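To start, the structure under review is shown below, and the notes come after it.
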Amino acid sequence: KLRSLNLPVAVVMVTGSGDEETVIAALKSGADDYIIKSSDYLERLPLVLEAALQHHRQQVSRYNRPLRVLYAEHHPADIDLTRRYLEKNAPYITLEVVNTARQVLDALSGQNQLNEPDVLLVDYQLPGGLNALELIKEIREVRRLAIPIVLVTGQGDEMIALQALRLGVQDYIPKTDHYLARLPYALADAYHRARLEQEHDALRTSEERFRSLFMDSPVAMLEQDFSEVKRGLLALKQSGVNDVEAYLLQHPEVVKDFLDQSYIRSFNRAALRLYGVSENNPPGSLGEMLDFESVWQHFIIELREIADGKAHFQRETADILPNGRCIFINLHWNALEGYEDTLERVIVAVEDITERKQAAERIERQLHQLEALRLIDDAISSNLELDNTLQVLIQQMRSQLNLDAMAVLLYDPRDESLTYTAAGGSGLNFPLGMRFHYTESLSGKSLQHLGQVSRCDLCEACNCLPPVLGNFIQELSNSGFRTLLSVPLVTKTSPQGVIELYFRVNPPDNPDWRSFLTMLAGQAAIAIENARLYEEAQRSNRDLMQAYDATIEGWTRAIDLRDKETEGHTQRVVELAVDLCRKAGLSEEMLIHVRRGALLHDIGKLGIPDAILLKPGPLTDEEWVIMRRHPLYAYEMLSPIEYLRPALDIPYCHHEKWDGTGYPLGLKGEQIPLAARIFAVVDVWDALTSDRPYRPAWSKERALAYLFEQKGRHFDPKAVDLFLKEMGLLDEGMVK
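Using the numbering used here, you'd call the opening residue of the sequence shown number 90 and step up by one each time.
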C-alpha cells in the first residue's frame, strides 16, 4: 500500500521471528531492508536505517529516470486509465500507444537509436492476426530485438505467464485491482534488468576478450589475489606496527607467510614458459613458485606498498626460477577496476629484461675497461717512468679483472732472465728484484710459446723451483692461492716479460674476460717497451750530454792555456756562480745552462789576436775596441749550437753594467739576464783577488770596498748582497 501510494519514504521491516519467507515477501513488496530482533539489534539499528535510506534514494533516482514506453493496447478505456495514472504518479514515463501487433513491429523496425522506446508494454489480447505470445516470439526469435517487454493480461493464467517468461519477457502483470500501482516499478525494473543483462553480456564479452588477450599476450602475465595479504598487513598495522618494512626485515617468517598467501589465479602462456611451470599443475602461490631466500627481501618492498594502500606497483628486481636460474624482471601490477581496495584481482605483468640488463652491464663493463685502457695509455704517454707505468697497470688489472694478486716479471734478452719487478696483493711477500733464468720459473712456458697463456697448479709446483722462488710459491699456496696464469708480454715477436696472475678459485672461463686480459697484456707490453726505449734514449742523452760537457771543459782549458792571465779563473768562478744562482731561485734545469755559460764566459777571446790578448801592459783605446768584441764573438760561436743557446746569457752579457754603461748591448738594470748579473760580481771579485802578470792580487778589504763602490753602478745591488752573504763577508769589521 505504501508503495502504491508512491510515498517518498524508506521502509525497514522489524521482525522477531526471522522467518525467511516473511523477509523475502517484504523485500519483494518494496521494503528497503529488514532487521531481526536479536540481542544487539538496537545497536545495529542506526546503521540499518542509514543503509535503507541510501538504498531508497538510489531507487528513487533510478525509477525517476525518463522512460519511453511503447504501449500496445486496443481497449480505449485501459489506454486512458493507464495514461492518466502514469501522468499523475509516474510523470517521468511517456507513452507511445499502438493498437495492433503489426503496428508494434512497424514501430520497432522504424525506430532509430535516438527515439527508440526503452520498454514495450503489451496487452495479451491484441487484434491483428498475432496474439501477444506470437508477437513476442517474432520480436525475440525472428527479429532478434533486445527491447525489454512487460506483459499485462486480464487472464491470470500461469501457463501464459510461464510461456511469456520463457520467450524473454522481463515481467508479467495480471490486471488485478492495484496492478497500475505496480506498473511504474515493473516498467523501470524491466528496463534496468534488461540494461543489467546487456551490461553483464558486455562484461562477459569483455572478460572473454580480456582472457583471450591475457592468454595470448607475449608479455608474461599472472592474475593474482593479494586480498589475504592485505588483510594480514592491515592487522599488523592495527596491532601497533608502524614501520611495516622494518618489522618484516626482522621477521622473515612473516614474509614467508605472505608469500604463501599471495595466491596465483592463473598464468598466461608466456608466464608458463618464463617460469617453466606446468599448465596442468601450476603453483598456487608465489611462495610455492619462487625461492624464498632469494626474493624475500625484494618482496618486502611490495608488501610495504600494499600496506600503504597502493593498488599498483612497479619495480625492476630479480627472481630465482624453480630451476635455479636467475632472471632480471620489470615487475608491474595493477588491481582490476573494482578491486582496488581488496586487491582480490590483480594483473601482474612480468617483463624479462635479463638480456637488456646483461647488455647494459656488458656495456658498463666495457666502458670501465676502455677507461682502464685510457689510464694505461695516459701512463705510457705522459709518464715514461717504468715503475709508475707498472703501478698503474697493476691497479687497473686488479680492479677490472677482479684479481686477488699479480706480479710483473721483466725479461732481459742479454742473459734470458726474468726479474720480479712490480706486484700487487695484500699480505704477500713478493720476491721483488729476484732474478733467474726464464726456464727456472713457472712462467717459462709462456715465453717459450710466445702468445700462449699457460696455467699451472700452485700446490704441485713448489718442489721443482729454486729455493727462494719455491718458498714464495709455497707462501701463495698457504694463503689459499691455487692457480697461476702466466700471460706473456710480447711486442711483435720480441718478449718483454710475463704477467703472473694468482687465483684462489679457478680463473673465469669467460671470453670477454680473456679478451680484455689479452688487451691489457698488449698494453703492458707496449708500455714496457716504450719505457725501456725511453730509458735507453735517456741513457744515450746523458752520455751525449756528458760528451758535450767534456768538450766544453776542453774548450775552457784551451782558453786558460792560451790566456795565462786567467789560468784557473774559470774553474773557480763556475761553482760559485752556480751556487749563487741556485740561492737566487733558478731551477735545476736553468743551473745546467748557467754552468755551461760560466765555463764558456770567455770563449769569445778565442777571436782576439794574441798581440792584444797576451799584451803585458795596458791596452790602447783601439785595442779595447777589439777586446770588447769578445762577447759578440762568443754569441757568433755559440748561437748556431742549439743545445748551447740557453747558456748564452753569461758569455754574451757578463760585461753589461747595472747603469747601462757596459757592453756589447748597453743593457740596463733588469734588462740584463739575472745569471749574467750574478756572474759579473763573481767574475770581478775573482779577477781582483787573483794575481795578474801586471799586478798582485787585491786584499779582500780592498775588493770589498770596490764592490760597495760599484753597487748600483756596475753591479746589481741585490746580486752584490747575495754574494756578500754567501761568502760570509758581511761581518762588522769587514764592512767597516
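Positions of the beta carbon are idealized from the N, C-alpha and C atoms, including for glycine.
This structure is a prediction, so every number in the text was calculated from the model and none was measured.
If I follow the unbroken alpha helix (DSSP H) through residue i, where does it start and stop?
i	result
TRP385	381–396
GLU798	789–799
SER566	556–567
MET486	475–490
VAL809	806–816
PRO165	165–178
GLY376	375–378
ALA494	Taken as a continuous stretch (DSSP letters only), ALA494 belongs to no alpha helix (DSSP H), being part of the beta strand (DSSP E) at 494–501.
ALA700	699–702
Residue i and residue j look like a contact to me (Cβ under 8 angstroms); what is the Cβ gap, rounded to whole Å?
i	j	result
ASP380	ILE353	About 16 angstroms; that fails the 8 angstroms criterion.
ARG524	SER506	5 angstroms
HIS401	ASN423	5 angstroms
LEU322	LEU375	Incorrect: roughly 15 angstroms between the Cβ atoms, too far for contact.
PRO720	PRO753	5 angstroms
ILE389	LEU337	5 angstroms
MET304	ASN370	With 8 angstroms as the limit, MET304 and ASN370 do not qualify as a contact, their Cβ atoms being about 18 angstroms apart.
VAL497	ALA396	Not really, about 57 angstroms apart at Cβ, beyond 8 angstroms.
SER566	LEU547	5 angstroms
ASP260	ALA235	Going by Cβ atoms, the distance from ASP260 to ALA235 rounds to 15 angstroms, so no, they are not a contact pair.
Could you compute how far the alpha carbon of residue i sits from the alpha carbon of residue j?
i	j	result
ARG404	ARG362	21 angstroms
PRO135	VAL103	13 angstroms
LEU138	LEU175	30 angstroms
THR265	ASP195	30 angstroms
VAL437	ALA99	44 angstroms
HIS803	LEU796	9 angstroms
GLU288	GLU426	15 angstroms
THR607	PHE570	22 angstroms
LEU733	ALA673	22 angstroms
GLN143	ASP122	11 angstroms
MET486	ASP476	15 angstroms
LEU813	GLN635	33 angstroms
VAL714	GLY817	37 angstroms
GLU433	ASP314	5 angstroms
GLU450	SER543	29 angstroms
GLU625	LEU479	18 angstroms
LEU482	ALA613	7 angstroms
LEU348	THR406	16 angstroms
THR443	ARG414	11 angstroms
ASN178	LEU269	10 angstroms
PRO237	GLN147	21 angstroms
SER779	PHE768	16 angstroms
ASN419	ASP601	26 angstroms
What residue does the beta strand (DSSP E) around residue i start on, and which one ends it?
i	result
GLU426	Note, GLU426: premise wrong, no beta strand (DSSP E); not H, not E.
VAL241	238–242
SER543	543–546
GLY321	Careful: GLY321 lies outside any beta strand (DSSP E), inside the alpha helix (DSSP H) at 316–327.
ILE125	122–125
ARG191	Unbroken run through ARG191 is the alpha helix (DSSP H), 190–198; no beta strand (DSSP E).
LEU573	572–580
LEU96	It is not in any beta strand (DSSP E) - LEU96 carries neither H nor E in the DSSP assignment.
ILE588	583–592
ALA438	435–441
TYR509	506–513
TYR160	156–161
VAL208	208–212
THR528	Counting along the chain, THR528 falls outside any beta strand (DSSP E), and DSSP gives it neither H nor E.
ARG404	401–409
Who are the Cβ neighbours of residue i in its own chain at under 7 angstroms, not counting the five residues just before and after it?
i	result
ASP775	HIS658, ARG661, VAL662
LEU215	ALA161, HIS163, THR189, ALA190, ALA221, LEU224
ALA610	VAL576, LEU578, ILE588
VAL343	LEU337
ALA140	ASP122
HIS145	ALA99, ASP121
Grab me the residues of residue i's own chain with a C-beta within less than 8 angstroms of its C-beta, minus the 5 sequence neighbours each way, in chain order.
i	result
LEU756	CYS742, GLU745, GLY749
GLU429	ALA400
ILE648	THR655, THR659, ASP691, ILE692, LYS694, LEU695
Looking only at its chain, what residues have a beta carbon closer than 6 angstroms to the beta carbon of residue i, apart from the 5 residues adjacent to it on each side?
i	result
ALA309	ALA359, ALA360, LEU363, VAL439
Open item on the list: Suppose only complete runs of 3+ residues qualify. What are the beta strand (DSSP E) ranges in the region 218–278, listed by chain order?
Closed with: Listed in chain order, the beta strand (DSSP E) runs fully inside the region 218–278 are 238–242, 260–263, counting runs of at least 3 residues.
Open item on the list: If we require 4 or more residues per run, which alpha helix (DSSP H) segments fall completely within the region 710–784?
Closed with: 710–716, 719–727, 738–742, 763–777
Task: Entirely enclosed alpha helix (DSSP H) segments - the region 653–695, minimum 4 residues - done: The DSSP assignment places complete alpha helix (DSSP H) segments of no fewer than 4 residues inside the region 653–695 at 658–672, 677–688, in order along the chain.
Open item on the list: List, from N- to C-terminal side, the beta strand (DSSP E) runs of 3 residues or more that fit wholly inside the region 339–371.
Closed with: 352–356
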